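>
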Amino acid sequence: MDTANKRVAIVSGGGSGIGLAITEKFISSGIHTVIVGRDEKKLQAAKTQLGDLCYPIIHDVSNLPSIPDLIRKIIDQFGHIDILVNNAGINMKKDFIDITDEEFQQVITTNLCSVFSISREVVKHMLPKGSGSIINISSMAAQYGMPRVIAYTASKTAIDGMTRAMAVELSPKGIRINSIAPGFIETAMTAKALNADPERKQKAIGRTPMGHMGLPEDVADAALFLTSDAARYITGVILPVDGGNSIGF
Ligand code: NAD
Numbered sequence: 057m058d059t060a061n062k063r064v065a066i067v068s069g070g071g072s073g074i075g076l077a078i079t080e081k082f083i084s085s086g087i088h089t090v091i092v093g094r095d096e097k098k099l100q101a102a103k104t105q106l107g108d109l110c111y112p113i114i115h116d117v118s119n120l121p122s123i124p125d126l127i128r129k130i131i132d133q134f135g136h137i138d139i140l141v142n143n144a145g146i147n148m149k150k151d152f153i154d155i156t157d158e159e160f161q162q163v164i165t166t167n168l169c170s171v172f173s174i175s176r177e178v179v180k181h182m183l184p185k186g187s188g189s190i191i192n193i194s195s196m197a198a199q200y201g202m203p204r205v206i207a208y209t210a211s212k213t214a215i216d217g218m219t220r221a222m223a224v225e226l227s228p229k230g231i232r233i234n235s236i237a238p239g240f241i242e243t244a245m246t247a248k249a250l251n252a253d254p255e256r257k258q259k260a261i262g263r264t265p266m267g268h269m270g271l272p273e274d275v276a277d278a279a280l281f282l283t284s285d286a287a288r289y290i291t292g293v294i295l296p297v298d299g300g301n302s303i304g305f
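Sequential numbering of the sequence shown, starting at 57, is according to my numbering.
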């Protein structure tokens, strides 16, 4: 494939919600975008919707030993990777004492360990080029304490630390690393977490100065900005896209 002069992105969990909106935004800017996810139907629907620049790959990112092969396959096909968005994630809402070690580990493996493994493999190919942009998708759960999401909170807080550590190590080599911390965005994940819990939903909106939930496109616009040349002097930031939720009373 002749993508030598084109920008190539990977968006994990690109088949739905925020990842799909980011993919759509990238493609409308001419970025060839590989979407990695588990659900073949969702990925095929995204491909049908987004067309030629969208390349679905079915892969479970929590299968860590398989990550090097996944990235090698993408490099074999495209020759280079310019942008990585670590977006795939799961939540688990349960009382603190009811979470098993296996459940805790599952969230950490999906939301955190996969981000490390994918980034490590992608960075190996960004270093020789001396350029690249990585965005990790964090959460309000890393900005303040939220009850009943202990594993999710641990994973997203670690993502922010990893973003800073990666930024100081890799920015001197031309690779910018940033996080986006979405507030409450209308997706399948929040539908599951909030719709059956109107009190929690009201609380989330109540401390959002803009007074409503965000849309996946709101996060996608920020992602496109952070990967663009307009953000060339920005690295190591945790950017809330939250209608003010993180600073709300
Ligand atoms: P979503 O459930 O629509 O999207 C998550 C995507 O990740 C799905 O496509 C899912 O299939 C994929 N995924 C999950 N586990 C995977 C695995 N093991 N392998 C491959 N793909 C996997 O939810 P969303 O709201 O779009 O969430 C996207 C990201 O944004 C997540 O990291 C989430 O934590 C974060 N986030 C969302 C909100 C919100 O309000 N929606 C707020 C803060 C952070």
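Ideal Cβ placement from N, Cα and C applies to all residues, glycine included. Computed from a predicted structure; not experimentally measured.
1) Counting beta carbon pairs with one atom in the segment 292-299 and one in the segment 263-279, are three or more of them shorter than 8 Å?
2) What's the call for H88, buried or exposed, on a 16-neighbour Cβ count within 10 Å?
3) If distances are taken between C-alpha atoms only, which option among P265, E225, G145, S170 comes closest to G186?
4) Looking at C-beta atoms only, is the number of pairs between the segment 219-237 and the segment 59-66 that lie closer than 8 Å three or more?
5) Check R220 in the structure and name its three-state DSSP category.
6) Check this for me: beta carbons of A214 and V205, under 8 Å apart or not?
7) Does the contact criterion of 3 or more C-beta pairs under 8 Å hold for the segment 159-176 versus the segment 138-145?
8) What ranges does the beta strand (DSSP E) occupy inside the segment 202-275, keeping only unbroken runs of at least 3 residues that lie completely in it?
9) Mark Y200 as exposed unless 16 or more other C-beta atoms lie within 10 angstroms of its C-beta, in which case mark it buried.
10) Ligand 1 and I74: does the residue's C-beta get closer than 7 Å to at least one heavy atom of that ligand?
11) Nearest-angstrom Cα distance between K257 and M269?
12) Going by C-alpha to C-alpha distance, which of P203, Y111, D157 sits closest to K149?
13) Quick check: the Cα distance between I131 and S118, rounded to an integer number of angstroms?
14) Is F82 buried or exposed, if buried means 16 or more other CB atoms sit within 10 Å of its CB?
15) Helix, strand or coil, according to DSSP, for V92 in the structure here?
16) Would you kindly report the start and end of the unbroken alpha helix (DSSP H) that includes G188?
17) To the nearest angstrom, report how far apart S284 and P272 are at their CA atoms.
On the basis of the supplied data:
1) At 8 Å Cβ cutoff, the stretches touch.
2) It counts as buried.
3) Closest in C-alpha terms to G186, from the list P265, E225, G145, S170, comes E225.
4) Cβ pair count under 8 Å is below three, so no.
5) In this structure, DSSP gives R220 a helical state, which the three-state scheme calls helix.
6) Cβ distance not < 8 Å, so A214 and V205 don't count as in contact.
7) Verdict: yes, contact present.
8) If only uninterrupted beta strand (DSSP E) runs of at least 3 residues are considered, those enclosed by the segment 202-275 are 231-238.
9) So Y200 counts as exposed.
10) Yes, since a heavy atom of ligand 1 falls inside the 7 Å radius drawn around the Cβ of I74.
11) Per the coordinates, the alpha-carbon of K257 lies some 9 Å from the alpha-carbon of M269.
12) Each of P203, Y111, D157 was checked against the Cα of K149, and the nearest Cα belongs to P203.
13) Spanning the two alpha carbons is a distance of roughly 20 Å.
14) A residue is called buried once 16 or more other Cβ atoms fall within 10 Å of its Cβ, and F82 is buried on that count.
15) The answer is strand: DSSP assigns V92 an E or B state.
16) G188 -> not in any alpha helix (DSSP H); beta strand (DSSP E) instead, spanning 188-193.
17) Those two C-alpha atoms are separated by around 19 Å.
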